[in-house]
Amino acid sequence: SEEKKKVEELAAREQSLLDELAEEKKKVEESAVLELTLADEKRNVEELAARERSLREELSEEKKKVEELAAREQSLLDELAEEKKKVEESAVLELTLADEKRNVEELAARERSLREELSEEKKKV
Numbered sequence: 001s002e003e004k005k006k007v008e009e010l011a012a013r014e015q016s017l018l019d020e021l022a023e024e025k026k027k028v029e030e031s032a033v034l035e036l037t038l039a040d041e042k043r044n045v046e047e048l049a050a051r052e053r054s055l056r057e058e059l060s061e062e063k064k065k066v067e068e069l070a071a072r073e074q075s076l077l078d079e080l081a082e083e084k085k086k087v088e089e090s091a092v093l094e095l096t097l098a099d100e101k102r103n104v105e106e107l108a109a110r111e112r113s114l115r116e117e118l119s120e121e122k123k124k125v
């Protein structure tokens, strides 16, 4: 009877230890899964960091291009302003030339008129 009791106690203790061992195994497996998950997450973070660096470099290149385009645009605007100025000066010169042509035509008409008058006067004399 006492022997039976000891055997039952040992069997219960063995079962308890087996249950505890099973729990520990479960924890070890969960820990291994967590480690793999953590390793995956680290890889993901590294990939994201690499992509971010790449995108930042790309953005930097695009900013340079935008700055170059803005400088080129400003240069073209300056050139256009110079051309407009030349066109305005040319228009002023054309108006001045037209005025001068009218003046010459008026003077020529007056000269003709005076010659005719002179011719008339000569005929009278």
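The opening residue of the sequence shown carries number 1 in the numbering used here; numbering runs sequentially from there.
Virtual Cβ for every residue (Gly too), placed ideally from N, Cα, C.
The beta carbon of Ala32 is closer than 8 Å to none in its chain, skipping five residues each way along the sequence. DSSP places Ser1 outside both helix and strand once states are collapsed to three, so it counts as coil. Shown here for Lys65: not one same chain residue has a beta carbon closer than 8 Å to its own, the five before and five after excluded.
Glu30 has its alpha-carbon roughly 10 Å from the corresponding atom of Glu24. Between the alpha carbons of Glu2 and Gln15 lies a gap of roughly 20 Å.
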